[in-house]
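**Student:**
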Amino acid sequence: RKEVEQDPGPFNVPEGATVAFNCTYSNSASQSFFWYRQDCRKEPKLLMSVYSSGNEDGRFTAQLNRASQYISLLIRDSKLSDSATYLCVVTPTGGGNKLTFGTGTQLKVEL
Amino acid sequence: ETGVTQTPRHLVMGMTNKKSLKCEQHLGHNAMYWYKQSAKKPLELMFVYSLEERVENNSVPSRFSPECPNSSHLFLHLHTLQPEDSALYLCASSQAGDRAYNEQFFGPGTRLTVL
């Protein structure tokens, strides 16, 4: 089983749609969770951290379910500029700076 | 220059060549990383340097040799590579400290092709 698993997509959605991505992780002792965004031919950039209580940043909502070992990202009112690959990232027990990445989910927002 | 820079941006080399990738961070961070990103595979952590000491080496073949002369610079020396080593090589930096996690900032990467 992969350490971090994501549906690669692509998810093709019209502008204004709501889209959700899920991610599962295998290590129940994982400590921290994040979503990174990677535009085509660019480097990954941190989108948001994911907390057990859930957190929201504008049109983006992230949630963590430790019991089921999955993380979700919800994007409301999709914009063309949201088109990118969204990478699910976890850190192991003890945290630190060792990141484990999923393969990413590709989102294409269309007119 | 700001952020994390990498040179060259593109590199084509033969299997017998020796080349080096360079990374420089202008963020005052004390930890630097090399990642490999291959098509349809997740980013793979290769090496971690914290306070200029190598603290992580993820079973990377010896044909990849990192060097961290100071906290701002990181090199990846390449020799006798294989075609399967063709990938995007990303450098990142962060401020390692007491927090469970500190955001990593990535450079634009070097697209490497091994012929």
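Protein sequence lines correspond, in order, to chains A and B. Here the first sequence stands for residues 1 to 111, numbered as in my numbering. Here the second sequence stands for residues 1 to 115, numbered as in my numbering. Quick reminder that beta carbons are idealized off the backbone N, C-alpha and C, glycines included.
1) By the DSSP assignment, the beta strand (DSSP E) with D77/A in it spans what residues?
2) Quick check: is the beta carbon of N57/B nearer than 9 Å to any beta carbon in chain A?
3) In chain order, what residues of the same chain lie with their CB nearer than 6 Å to the CB of P10/A, ignoring the 5 residues before and after it?
4) Less than 9 Å between CB atoms is the rule here; does K41/B satisfy it with respect to chain A?
5) Please classify C91/B: is it buried, with 16 or more other beta-carbons within 10 angstroms of its beta-carbon, or exposed?
6) Hey, quick one: how far does the beta strand (DSSP E) through K108/A stretch, first residue to last?
7) Closest to Q69/A by CA distance: which of S78/A, S52/A, A17/A and A20/A is it?
8) In chain A, what lies closer than 7 Å to P69/B by C-beta?
9) Judging by CA-CA distance, which residue of G102/A, N97/A, K45/A and P44/A is the nearest neighbour of S72/A?
10) Got a sec: which bits of the segment 78-105 of chain A sit with their beta carbon under 7 Å from any beta carbon on chain B, in order along the chain?
11) Comparing the C-beta of G107/B with each C-beta of chain A, is any distance below 9 Å?
12) Skipping 5 residues on each side, what residues in its chain have a beta carbon closer than 6 Å to that of E115/B?
**Tutor:** For this structure:
1) In the first sequence, residue 77/A corresponds to position 77, counting from 1. Per DSSP, D77/A belongs to no beta strand (DSSP E) and is neither H nor E.
2) Residue mapping note: residue 57/B aligns to position 57 of the second sequence, counting from 1. Not an interface residue.
3) Taking the first sequence and counting its residues from 1, the one referred to as residue 10/A is at position 10. Once the five neighbours on either side are set aside, the close Cβ partners of P10/A are Q106 and K108.
4) Against the second sequence, residue 41/B aligns to sequence position 41. Answer yes: the Cβ-Cβ gap between K41/B and chain A drops below 9 Å somewhere.
5) Reading the second sequence from its first residue, position 91 is the one you call residue 91/B. Its Cβ being crowded by 16 or more others within 10 Å, C91/B is buried.
6) Within the first sequence, numbered from 1, the residue matching residue 108/A stands at position 108. Unbroken beta strand (DSSP E) run through K108/A: T105 to E110.
7) Taking the first residue of the first sequence as position 1, residue 69/A is located at position 69. It is S52/A.
8) Within the second sequence, residue 69/B is the residue found at index 69, counting from 1. Result: empty, since nearest Cβ-Cβ is about 20 Å, beyond 7 Å.
9) Taking the first residue of the first sequence as position 1, residue 72/A is located at position 72. Nearest C-alpha to S72/A: G102/A.
10) T91, G95, N97, K98, L99, F101, G102 and T103
11) Looking up residue 107/B in the second sequence gives position 107. Closer than 9 Å: yes.
12) What you label residue 115/B is simply residue 115 of the second sequence in a count that begins at 1. Checking the sequence, you will find Leu at residue 115/B rather than Glu. Once the five neighbours on either side are set aside, the close Cβ partners of L115/B are G14.
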